[in-house]
Amino acid sequence: MPTQKLTLRAFLPYQLSITSNAVSDLIARAYRGKFALKVPEWRVMALLGESDVATQRELVATTAMDKVTVNRACKALEDRSLISRVPNMLDGRSHHLALTPAGRDLYEQIVPEALALEAELEKILGSGEAKLLEAMLAQLRKRVEELG
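Residues 311 to 458 (the numbering used here) make up the sequence shown, in order.
Structure representation (structure tokens):
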């Protein structure tokens, strides 16, 4: 009985994974050196910069990072006084997290660089292909979530 052959370099899950890793590594190098942030810490800051306040549970759901990673990122940011933690009056088991003034200042410094990095990535594809890729990734993510 013939067996099917898998060619890793042509395997879509592998391609998605290594592309994601390459982009994450690029971001990590940029933010670690200049801002002393790891990628999970930046993701937390980016979401808090966008939504002002969130719980850790909301951060886990939105970032697709696991609880431990989000908790460590929040702890590191809190230790640097970049985010604050306030008890949630509606749910005593959780806290509201928000950027502090220092966190907001750092966020405002990073945003132009993040947008410039995004523009560099979009230049590789061209704006039409970048929008198409974004739509295709959203479609793929939705379908994978439905399957899983």
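All residues carry an ideal CB built from backbone N, CA and C; glycine is no exception.
Source: prediction; values computed, not measured.
Using three-state DSSP, classify residue i as helix, strand or coil.
i	result
residue 334	helix
residue 394	strand
residue 369	helix
residue 407	strand
residue 364	strand
residue 347	coil
residue 314	coil
residue 413	helix
residue 458	coil
Drop a sphere of 10 angstroms on the beta-carbon of residue i, count the other beta-carbons inside from all chains shown, and report buried for 16 or more, exposed for fewer.
i	result
residue 378	exposed
residue 393	buried
residue 351	buried
residue 354	buried
residue 341	buried
residue 420	buried
Residue i and residue j look like a contact to me (Cβ under 8 Å); what is the Cβ gap, rounded to whole Å?
i	j	result
residue 338	residue 349	5 Å
residue 366	residue 404	7 Å
residue 258	residue 426	The structure shown does not extend to residue 258, since the chain is modelled only from 311 to 458, so the question has no answer here.
What residue range does the alpha helix (DSSP H) around residue i cover?
i	result
residue 386	377–389
residue 402	Counting along the chain, residue 402 falls outside any alpha helix (DSSP H), and DSSP gives it neither H nor E.
residue 320	Per DSSP, residue 320 belongs to no alpha helix (DSSP H) and is neither H nor E.
residue 374	Taken as a continuous stretch (DSSP letters only), residue 374 belongs to no alpha helix (DSSP H), as it is neither H nor E.
Using a beta-carbon distance below 7 Å, is residue i in contact with chain C?
i	result
residue 390	Absent here is chain C; the protein component of the structure consists of one chain.
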